[in-house]
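**Q** The numbering used here applies: residue 695 is where the sequence shown begins, and numbers increase by one.
All C-beta atoms in this analysis are idealised placements derived from N, C-alpha and C, irrespective of residue type, glycine included.
Note that this is a predicted model, so its numbers are computed, not measured.
The following block contains the structure, expressed as structure tokens.
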Amino acid sequence: MIGANQEPLRAGNPNLGYRRFIFERSIPIPKPSYYSNSEWKKQSGDDRKTFWRCDYPVFTGGPASTLINRTLKKYMLTVATNQDEPPKIPISPESAAEALIASYQKERRESGSELPFQVAVKGSVLLNKPGLLSVRINAHLFFGGAHGLDPIKLFVFNSNTGSQLNLADIFVPQFDARLNSLINRAFRRKNGLSTMDQLDHPKGGYFGLSIKQLNYTNNFALSNDGMIFVYNEYEIAAYANGPTEILIPWSELHPLLKEDFKAQYAITFAQ
């Protein structure tokens, strides 16, 4: 299967609108020997094919949108490349799909592997206000191993310039310790842990968490409710726990925000 389309333009603010670019290419896989004929017939469509698919926003509105699109596309094509192959990044979803299918066919010929290769990338807009844009990209990657990976990448852009914002652009100097404290508090709140509980207490379900304190990650986004920090699989916990998402409300972050950040983006938050 091969296809691509774009949804109608959406206006998020005076500067940026966006269309969704949707593309998929797939090929059926032969019935694996570990399935009986009746079992194979019961498998879902995705289980019966190798595929590369994407669904992500493409922004419009001048030079800033061009830079934003370039950043998002580069990440998407990089993360969706089979890392067992030489690190040659495709230039388009179409070429990425062709490379994945070729890699799958090569693996099947050389090793006899019966497992499919599967890539699915989906982008979503978390915040789209004058001067500020936050985007989330979820991926599912399976290249025939014991299990797949489901990385999440968060982006924050100045939508007037297209440049990415980092934490130092948002918070006052020497924010590290106070931000870490807020993250640990939010993690405990989310997982029902008291201040006396260890982070890997069974109540939280993080049996594989072997650290005494969470430190902030640069994988963050802005939303109407607050700032989102995401730790991917294996970063702070076992694979079985999946990605860890922590939301800190704006009311708690307010003392850490730079005054010029609040002024530039016309942000006011409850204290």
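If I'm right that residue 847 touches residue 752 with Cβ under 8 Å, what's the distance once you round it to whole angstroms?
**A** Rounded, the Cβ-Cβ distance is 17 Å, inconsistent with contact.
**Q** According to DSSP, is residue 797 part of a helix, a strand, or is it coil?
**A** Three-state DSSP puts residue 797 in a helix.
**Q** Hey, is the region 866 to 886 in contact with the region 904 to 914, meaning 3+ C-beta pairs nearer than 8 Å?
**A** A contact exists between the region 866 to 886 and the region 904 to 914.
**Q** How would you write the range of the alpha helix (DSSP H) that residue 966 sits in, first residue to last?
**A** With the chain covering only 695 through 965, there is no way to say anything about residue 966.
**Q** Under the assumption that residue 950 contacts residue 869 (Cβ atoms under 8 Å), give the Cβ distance between them as a whole number of angstroms.
**A** 5 Å between Cβ atoms; contact.
**Q** With a 10 Å radius around its C-beta and 16 neighbouring C-beta atoms as the bar for buried, classify residue 699 as buried or exposed.
**A** Here the model assigns residue 699 a pLDDT of 49, short of 50, so the residue's position is not dependable and the matter cannot be decided.
**Q** Determine the direct distance from the alpha carbon of residue 932 to that of residue 888, and round the result to whole angstroms.
**A** About 22 Å.
**Q** In terms of residue numbering, what span does the alpha helix (DSSP H) encompassing residue 875 cover?
**A** 870 to 885 is the span of the alpha helix (DSSP H), which, as asked, contains residue 875.
**Q** Judging by CA-CA distance, which residue of 789, 803, 738 is the nearest neighbour of residue 775?
**A** Per the Cα distances, 789.
**Q** Nearest to residue 948 by CA position, among 732, 882, 865, 742, is which residue?
**A** Per the Cα distances, 865.
**Q** Less than 8 Å between the CB atoms is what I'm expecting for residue 945 and residue 710, so what's the real figure, rounded?
**A** Not confirmed; about 27 Å, so no contact.
**Q** Indicate the three-state DSSP secondary structure (helix, strand or coil) for residue 730 in the structure shown.
**A** It is coil, neither helix nor strand.
**Q** Assign residue 867 to one of two classes, buried (16 or more other C-beta atoms within 10 Å of its C-beta) or exposed (fewer than that).
**A** Classification of residue 867: exposed, given that the 10 Å Cβ count is below 16.
**Q** So, with DSSP's three-state summary, where would you put residue 932?
**A** In the structure shown, residue 932 sits in coil (DSSP, three-state: anything other than H, G, I, E or B).
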